[in-house]
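> If you're matching them up, the sequences are chains Z and F in order.
Residue numbers are given in our numbering: position 393 of the first sequence equals residue 390, and the series is strictly consecutive.
One rule links them: number in our numbering = place in the second sequence (from 1) + 9.
Cβ atoms here follow ideal geometry from the backbone N, Cα and C, with glycine treated the same way.
Keep in mind the model is a prediction, meaning the values are calculated, not measured.
Let me begin by handing over the structure; questions about it come next.
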Amino acid sequence: MTRRTSLASKWDAYICRPFPLLVRLSMNRIFHGSNGGEEELNISMGLLLALLAIPGGFASLLLFDKYGSFLQWLRGQTKFDPLAAALPDEYFFIVLSMVVTGGVALWWWDSIFPDRRDFVNLVPLPIATSRIFLANSIAIVILTGLCVIDVNAASSVLFPASVGGAQPAFRFAMQFAGVHALVVTLASVFSFLAVFASTGLLLLLLPYALFRRISPYVRTLIATMLLAALSTSFTVPSMILDLPRFSHSPLRFLPPVWFLGFCQLLRGRADPSLAKLGYLAIFALAVVAALALIAYAVSYQRCFVRLLELADAPPGHLGLRMSWIFSLFDLLILRTPFQRAGYRFVLKTLSRNEAHALAAGGFLGVGMVIASRTLFSAFNGKGLTPLPSADVLSIPLILSYCLVVGIRFVFDVPAHLQANWIFRLLLERSIDESAALARRVVLCFAVPGIVLVAFPIYLHYWGWTVSLVHLGVMMIWLMLLTEVLLVGFRKLPFTCTYPLFQHSAVIVAMAYVFGYFAFTAITSELELEALSRPVRGMVFLVISLCVWYVVHRVRKSFVEVRECLLFEDTPAAAFECLHLSDGGC
Amino acid sequence: MLQAIELTKHYASIPAVQKVTFQLEGGQILGCLGPNGSGKSTTVKMITGLLEPSRGRVLFRGEDIRRDLVSYRKRLGYVPEEPNLYPYLSGREYLEMVGILRGIPQPKLGKKVDTLLALLSLYPSRHSAMASYSKGMRQRVLLIAALLDDPELLILDEPLSGLDVSSALVLKNLIRALGEQGKAVFYCSHVLEVVEQVCSHLLILRQGAVLVCGSTGDIQKRIGHSSLERTFHHLVDDVDPGQVTRDIIDVIRAA
């Protein structure tokens, strides 16, 4: 007991020394973000670790069914090769570990390097810059290690247990676990370092102001690539088996395939093509590590030392190119001062605020991944048909759904909350035009894509009738979706605190998923039916319009009942005073 | 023009402001003084309508401001204590947005904004994001935003904070000129010299309550000190600044 106490007191004394304090400071900044403002979504370390561990653990548990010997016997699988059967699952776990770790690195993108606040607080103190650099590097290594271990811990225990559980030799399970743990750990490290190296290289190659400007787009692109890897993780393994026959397959360029090759190499199951990719994995890991290290060191020297000279502001003059669009919209669609001022504010926040651009871009990225998969499966080995298939019809619907839901989601994310006093001061809180403004913003983002991109494509391939009907259906359903999403919306976007977690949040999330299927799959099937029979087509359009009108009226009546603009999402009162003695008023 | 009647604000049963009563007429410049935590900011927030009083009322031209906050705010210009602005907007974009929200017609608005930006030396950086502005530049943007719609009542909370010497001189003259034009100005500050130079009336708060309220000359005559600094020290300060200074130096020198 005494020994333990003395160790604890030694540790307490150690972490209060200058260098460990610097490391802790860097870890806090990386973890909680650079701004640390009240609008940052602050998650505790414990909660984050729990969230990161869930996917691997959950996916492993689902596999007990596949590898259980009793269930195999029931299925009549007498000759079961566990290593061959585990290949697709191994690929999935590699992708999962890369996606989760890459996602975390993307989240920490802005705080990997010390920021202006660190500079102002630390540089005047008698601490060498090299020590600040070293402390930050150690913080990155600690957090990366923690993240990698956490992401892969559950799958490293449960997956080998499910595969090796039915095998007579314990050695098999141990070997399997060792190889799996090593491969997923290296894959995670590769993913983290790849994102890290991208930040460092961009910072190194581009002027700082340009780096700040393009950062959200690069992050969105990387996030889309990670999502694409995850969404194809069930189809790629079957193609990997064909690798020996197609040596020039594009699969050779996928990093998860390299690590699968490395895994097979360690298990002695790799054919020459996979073995080659396995060696490539180790080579790529070494290259990425070296790149990350060099880029980090050089960009640290280049940027941190000159941090006060580098403005965080976007370069050049703002808003000059867009002013004619606002004048045009003022004439055509923006009727009141609230709508005119609000529209300018919303558009500028969406285009200039990194977190918002990133979140909206993420939703659009998901849409693009799903749409490209749908397009691929729709045209896989098939030519053009007189009528487009339901899959083909659903593509603009998928993109519109993800874009609209993304923008609606982003509206709830606050931007510089402390600056919202101007709206609190000037806006008439009893008149609620927020839904009208939000609807205009959403439609201004989605409609040009439908009219200027989707419509000409359908016109080119399927003629006027199909393209016009499709345009009509898309517009009606887009308006319907917008109306549904804006029921109860009483905010000026970005000016309200984060919505509180409500018990209905899980149901809302499920509604979004079901809404996706209703909006994309069911609508496109109904539309296909309508296209093949014109009378039904007319009925379908009329019913769609009626549904839109009903939802529109419901939303209007909701506004009339609760008309007050919100700046703070406060919890509902546990008790409500009915004021019966005052006549209920 | 503006009347605060027994304004009281409690934060979770802790009183921040208690029964603050004062009156501000057109042409008067009322300086609000008080040590940190005396309730100045809470009072300002209540008279701008940003904060609802726990008790008491604010009347503007005899009408409770809560009855029609929008028309009250239409006639109010406000410069808050902290220059909290949207850093990704340019100064011109921000002012244009404020002008639109105030209902100023577009062609007139653009011209007015540009002229005011030029007069307050912000024209060259009007299209730059406010993230790159200094504190003084942000303060000048806030000042333009407050003056844009020719308000009858001006509430200024530490408006000189961060301003350079020439901008501060311009602002002091401007406040006096606005007073002469018949506008009511509520001026909150810690800088006693400026309050002495600019304000015709004084409101001194301490621990959330009014310590003294009236014309600057009357108060000084009553207390018997010629300078505002001595008057303020006489009314508010419990500590001897000379003794505190000596104590601090002793602590710094201690091994």
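1) In terms of residue numbering, what span does the alpha helix (DSSP H) encompassing residue 115(F) cover?
2) Residue 33(Z) CB to nearest chain F CB: under 7 Å?
3) Helix or strand or just coil, what does DSSP make of residue 10(F)?
4) Should the stretch 243 to 257 of chain Z be regarded as contacting the stretch 98 to 112 of chain Z, the criterion being three or more beta carbon pairs within less than 8 Å?
5) Can you tell me whether residue 262(F) is buried or exposed? The criterion is at least 16 other CB atoms within 10 Å of its CB, across all chains shown.
6) Relative to the alpha-carbon of residue 372(Z), which residue among 355(Z), 393(Z) and 10(Z) has its alpha-carbon at the smallest distance?
7) Taking only runs of the alpha helix (DSSP H) that begin and end inside the stretch 240 to 305 of chain Z, which ones reach a length of at least 4 residues, in chain order?
8) If you draw a straight line from the C-alpha of residue 322(Z) to the C-alpha of residue 467(Z), how long is it?
9) Does the stretch 393 to 411 of chain Z come close enough to the stretch 477 to 496 of chain Z that 3 or more CB-CB pairs lie under 8 Å?
10) Got a sec? Which residues, its chain only, sit under 7 Å from residue 363(Z) by beta carbon, not counting five neighbours each side?
11) Closest to residue 585(Z) by C-alpha separation, out of 261(Z), 11(Z) and 115(Z), would be which residue?
12) Can you check the stretch 14 to 55 of chain F for any beta strand (DSSP E) of at least 3 residues that lies completely inside it and give the ranges in chain order?
13) Give a yes or no on whether 7 Å exceeds the smallest Cβ distance from residue 20(F) to chain Z.
14) Please compile the residues from chain Z whose C-beta is within a distance smaller than 9 Å of the C-beta of residue 132(F).
15) DSSP state of residue 69(F), grouped into three classes?
16) How many Å lie between residue 6(F) and residue 47(F) at the Cα?
17) Report, in whole angstroms, the separation of the C-beta atoms of residue 198(F) and residue 167(F), which I expect to be a contact under 8 Å.
18) Decide if residue 21(F) is buried, meaning its Cβ has at least 16 other Cβ atoms within 10 Å, or exposed.
19) Does the Cβ of residue 4(Z) have 16 or more other Cβ atoms within 10 Å, making it buried, or fewer, making it exposed?
20) Please go through the stretch 120 to 178 of chain F and give each complete alpha helix (DSSP H) segment of 4 or more residues, from N-terminal end onward.
21) In three-state DSSP terms, what is residue 128(Z)?
22) What are the residues that DSSP puts in a beta bridge with residue 363(Z)?
23) Report all residues from its chain with a CB closer than 6 Å to the CB of residue 61(Z); omit the five preceding and five following residues, and keep chain order.
24) Return the CA-CA distance between residue 80(F) and residue 184(F), expressed in angstroms with no decimal places.
25) What does the alpha-carbon distance come out to for the pair residue 326(Z) and residue 238(Z)?
26) Name the chain F residues that come within less than 7 Å of residue 416(Z), Cβ to Cβ?
27) When the Cα of residue 196(Z) is compared with those of 413(Z), 360(Z) and 210(Z), which residue comes out closest?
28) Helix, strand or coil for residue 74(F)? Go by DSSP, reduced to three states.
29) In chain order, what residues of the same chain have a beta carbon less than 6 Å from the beta carbon of residue 451(Z), not counting five sequence neighbours either side?
30) Any beta-carbon of chain F closer than 7 Å to the one on residue 331(Z)?
31) Could you check how far apart the C-beta atoms of residue 59(F) and residue 421(Z) are, in whole angstroms? I think they sit under 8 Å.
32) When you compare only the Cα positions, how much space is there between residue 276(Z) and residue 486(Z)?
33) Apart from the five residues on each side of it in sequence, which residues of its chain come closer than 7 Å, Cβ to Cβ, to residue 185(Z)?
34) Would you grab the beta carbon distance between residue 43(F) and residue 213(F) for me? Rounded to a whole angstrom, and I think it's under 8 Å.
35) Closer than 8 Å between beta carbons: that is the criterion. Which residues of the stretch 334 to 345 of chain Z meet it against chain F?
36) Which residue marks the beginning of the alpha helix (DSSP H) containing residue 233(Z), and which one marks its end?
In this structure, then:
1) Counting from 1 along the second sequence, the entry for residue 115(F) is found at position 106. Note, residue 115(F): alpha helix (DSSP H), 115 to 128.
2) Start at 1 with the first residue of the first sequence, and residue 33(Z) comes out as number 36. Low local confidence applies: a pLDDT of 48 at residue 33(Z) is under 50, so the model's placement there is unreliable, with the coordinate-based value given in what follows. Using a CB distance cut-off of 7 Å, residue 33(Z) does not count as an interface residue toward chain F.
3) Counting from 1 along the second sequence, the entry for residue 10(F) is found at position 1. Under the three-state reduction of DSSP, residue 10(F) is assigned to coil, being neither helix nor strand.
4) Verdict: no, contact absent.
5) Along the second sequence, read from residue 1 onward, the residue named residue 262(F) stands at position 253. Counting the other Cβ atoms within 10 Å of the Cβ of residue 262(F) gives fewer than 16, which makes it exposed.
6) Taking the first residue of the first sequence as 1, we reach residue 372(Z) at position 375. Taking only the C-alpha atoms, the option nearest residue 372(Z) is 393(Z).
7) Entirely contained in the stretch 240 to 305 of chain Z, the alpha helix (DSSP H) runs reaching 4 residues are, in chain order, 252 to 264 and 269 to 296.
8) Locating residue 322(Z) in the first sequence gives position 325, where the first residue counts as 1. Locating residue 467(Z) in the first sequence gives position 470, where the first residue counts as 1. Rounded to the nearest whole angstrom, the C-alpha separation of residue 322(Z) and residue 467(Z) is 28 Å.
9) The answer is yes - the stretch 393 to 411 of chain Z touches the stretch 477 to 496 of chain Z, with three or more Cβ pairs under 8 Å.
10) Against the first sequence, residue 363(Z) aligns to sequence position 366. Only 224 and 399 meet the Cβ criterion.
11) Because chain Z here runs from -2 to 582, residue 585(Z) falls outside it and cannot be looked at.
12) The qualifying runs are 23 to 33 and 38 to 42.
13) For the purposes of this step, residue 20(F) is identified with residue 11 of the second sequence, where counting begins at 1. Among the residues facing chain Z, residue 20(F) is not included, as its CB has no counterpart in that chain under 7 Å away.
14) Translated into the one-based positions of the second sequence, residue 132(F) becomes position 123. Going along chain Z, no residue has its Cβ under 9 Å from residue 132(F), so there is no contact; the nearest lies around 13 Å.
15) Counting from 1 along the second sequence, the entry for residue 69(F) is found at position 60. Residue state, collapsed to three classes: strand.
16) Nothing can be reported for residue 6(F), as the shown portion of chain F is limited to 10 through 264.
17) Taking the first residue of the second sequence as position 1, residue 198(F) is located at position 189. Taking the first residue of the second sequence as position 1, residue 167(F) is located at position 158. Going by Cβ atoms, the distance from residue 198(F) to residue 167(F) rounds to 6 Å, so yes, they are a contact pair.
18) If you number the second sequence from 1, residue 21(F) lands on position 12. Residue 21(F) is exposed by the Cβ-count criterion.
19) Stepping through the first sequence from its first residue, residue 4(Z) is reached at position 7. Answer is exposed; the Cβ neighbour count stays below 16.
20) Runs of alpha helix (DSSP H) with 4 or more residues, each lying fully within the stretch 120 to 178 of chain F, are found at 144 to 156, listed in chain order.
21) Position 131 of the first sequence, counted from the start, is the residue given in the question as residue 128(Z). In the structure shown, the three-state DSSP call for residue 128(Z) is helix.
22) To locate residue 363(Z), count along the first sequence from 1; it is residue 366. Bridge partners of residue 363(Z): none, in fact.
23) As a first step, residue 61(Z) is located in the first sequence; it is residue number 64 there, counting from the start. Within the same chain, 159 come within 6 Å of residue 61(Z) by CB-CB distance, once the 5 residues on both sides are set aside.
24) Working through the second sequence from its first residue, we reach residue 80(F) at position 71. Working through the second sequence from its first residue, we reach residue 184(F) at position 175. Distance between the alpha carbons of residue 80(F) and residue 184(F) is about 23 Å.
25) In the first sequence, residue 326(Z) corresponds to position 329, counting from 1. In the first sequence, residue 238(Z) corresponds to position 241, counting from 1. Whole-angstrom Cα-Cα distance: 55 Å.
26) Residue 416(Z) sits at position 419 when you count from the first residue of the first sequence. 93, 94 and 95, listed in chain order.
27) As a first step, residue 196(Z) is located in the first sequence; it is residue number 199 there, counting from the start. That would be 210(Z), whose Cα lies nearest to the Cα of residue 196(Z).
28) Here residue 74(F) refers to the residue found at position 65 when the second sequence is read from its first residue. Residue 74(F) sits in coil when the DSSP states are folded into three classes, being neither helix nor strand.
29) For the purposes of this step, residue 451(Z) is identified with residue 454 of the first sequence, where counting begins at 1. Exclusion of the five residues before and after residue 451(Z) leaves 393 as the residues of its chain whose Cβ lies within less than 6 Å of its Cβ.
30) Locating residue 331(Z) in the first sequence gives position 334, counting from the first residue. Taking Cβ atoms only, chain F never reaches closer than 7 Å to residue 331(Z), which makes this a no.
31) As a first step, residue 59(F) is located in the second sequence; it is residue number 50 there, counting from the start. As a first step, residue 421(Z) is located in the first sequence; it is residue number 424 there, counting from the start. In this structure residue 59(F) is in contact with residue 421(Z), their Cβ atoms being roughly 6 Å apart against a cut-off of 8 Å.
32) For the purposes of this step, residue 276(Z) is taken as residue 279 along the first sequence, with counting starting at 1. For the purposes of this step, residue 486(Z) is taken as residue 489 along the first sequence, with counting starting at 1. So the two alpha carbons sit approximately 54 Å from each other.
33) Against the first sequence, residue 185(Z) aligns to sequence position 188. Cβ within range, chain order: 94, 95, 98, 145, 148 and 149.
34) Taking the first residue of the second sequence as 1, we reach residue 43(F) at position 34. Taking the first residue of the second sequence as 1, we reach residue 213(F) at position 204. The beta-carbon separation of residue 43(F) and residue 213(F), rounded to 6 Å, stays under the 8 Å limit for a contact.
35) Along the stretch 334 to 345 of chain Z, the positions whose C-beta sits under 8 Å from a C-beta of chain F are 334, 335, 337, 338, 341, 342 and 345, read in chain order.
36) One-based indexing of the first sequence puts residue 233(Z) at position 236. Run containing residue 233(Z): 233 to 237, per the alpha helix (DSSP H) assignment.
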